[in-house]
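Trainee: Residues in the sequence shown are numbered from 2 upward in steps of one, following my numbering. Beta carbons: idealized from backbone N, C-alpha and C, even for Gly.
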Amino acid sequence: MNDSESVTTQISTVEDWTLALAESTGSPGGGAGTGVMLAIAASLTSMVAGYTEGGHAELADLHGRSRALRETALHLADEDAAASKAFGAAFRLAPGPEREDAIHRASVDAAKASAVLGERAIEAIEDLGWLAENGNPALIADVVVAFGALRAAIAGARTNVSFDLSSLTSAGADLEKVREDHPHLWETVNRLSKALDRIDELTASVDGKAAPTTAGS
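#1: According to DSSP, simplified to helix, strand and coil, what is I200?
#2: Is it right to say D208 is buried, meaning 16 or more other beta carbons lie within 10 angstroms of its own, or is it exposed?
#3: Since H57 is in the alpha helix (DSSP H), which residue starts that stretch and which ends it?
#4: Under 8 Å by Cβ, that's how I've got S115 and G32 pegged, so tell me the actual separation to the nearest angstrom.
#5: Answer with buried or exposed for I126, where buried requires no fewer than 16 other C-beta atoms within 10 angstroms of its C-beta.
#6: Would DSSP call T9 helix, strand or coil?
#7: Who are the near neighbours of R68 in its chain, counting only those whose CB is closer than 7 Å to its CB and skipping five residues on each side?
#8: Assuming G157 is part of the alpha helix (DSSP H), what are its boundary residues?
#9: Rounded to whole angstroms, how far is the Cβ of G36 from the Cβ of L70, which I believe are closer than 8 Å?
#10: Just to confirm, is the Cβ distance from I200 to L132 under 8 Å?
#11: Would the beta-carbon of D182 fall within 8 Å of that of A111?
#12: Answer yes or no: do I141 and A211 have a C-beta to C-beta separation smaller than 8 Å?
#13: Under the three-state reduction of DSSP, which class applies to E80: helix, strand or coil?
#14: Rounded to whole angstroms, what's the CA-CA distance from G27 to A82? Just pull it up for me.
#15: In whole angstroms, what separates the C-alpha of V49 from that of D175?
#16: For the candidate residues V145, K178, T160 and T73, whose alpha-carbon lies nearest to that of E124?
#17: Considering only residues of the same chain and omitting the five flanking positions on each side of S108, which have a CB-CB separation below 6 Å?
#18: Based on Cα-Cα distance, which residue from V179, L22, G97 and H64 lies nearest to A78?
#19: If contacts are defined as beta-carbon pairs under 8 Å, then L118 and L39 qualify, I think. What distance do you get, rounded to the angstrom?
#20: Please state whether DSSP places E24 in a helix, a strand or coil.
#21: Just to confirm, is the Cβ distance from N135 to Y52 under 8 Å?
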């Protein structure tokens, strides 16, 4: 099965889903890929939590959150794919008021879809940071891979929200008007930028645990 119309994260194999992603259709596209990266980060977080000993209530709660996030992220990936399809369709319309209205609606919907995904990714940062400090040290490489996947998810969400907001200018609005009309989405871009800095900080803090920095260390 390689028809992108029928591919979802829920029913497709990894082979089928990535094959659809490789097609020049845009649905699924980078936004949906962002959701899958978040699901990978959540899955690895869950795995490390499961391998970490201790009766901490915090650990049990963290494990539950990561398992739930994996499912949510995949649903969000499919929702983003649907939003991307509408986004592309709007730009293919003939010039005129109908096209401008369609671009506006599709841009806002796409930005909202990416913003939700980004917000969920932000929520996962400190759980992974806790595991970096307290998790099973034998799985530090998995923590680092999870940080990489989570960073990709946040970077993707940030770029998608920003791009979708800027697309509103194609419908006749200037950026100042966009910021006034969509303050939450605009602020989300800033929050995601700060989240990238936090992930970089946490990743750097465990680098020494993951690999020696000099020969013979």
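Mentor: Per the coordinate set shown:
#1: I200 falls in the helix class under three-state DSSP.
#2: Flag for D208 reads exposed.
#3: Note, H57: premise wrong, no alpha helix (DSSP H); not H, not E.
#4: Beta-carbon to beta-carbon, S115 and G32 are separated by about 6 Å, close enough to satisfy the 8 Å threshold.
#5: Per the 10 Å Cβ criterion, buried.
#6: The answer is coil: DSSP assigns T9 none of H, G, I, E or B.
#7: Once the five neighbours on either side are set aside, the close Cβ partners of R68 are S47.
#8: Here the alpha helix (DSSP H) through G157 covers I141 to S168.
#9: Distance from G36 to L70 at the Cβ level is roughly 11 Å; contact not present, criterion being Cβ atoms closer than 8 Å.
#10: No, these two residues do not count as a Cβ contact at 8 Å.
#11: No, the Cβ-Cβ distance between D182 and A111 is not below 8 Å.
#12: In this structure, A211 lies closer than 8 Å to I141 by Cβ.
#13: In the structure shown, E80 adopts helical secondary structure according to DSSP, grouped into three states.
#14: Straight-line Cα distance between these residues: approximately 8 Å.
#15: Roughly 46 Å separates the two Cα atoms.
#16: Distances from the alpha-carbon of E124 to those of V145, K178, T160 and T73 put T73 closest.
#17: The residues are D165, S168 and L169.
#18: Nearest option by C-alpha distance: L22.
#19: L118 to L39, Cβ: 6 Å. Contact.
#20: Per DSSP, reduced to three states, the secondary structure at E24 is coil, with no helix or strand assignment.
#21: No. Outside cutoff.
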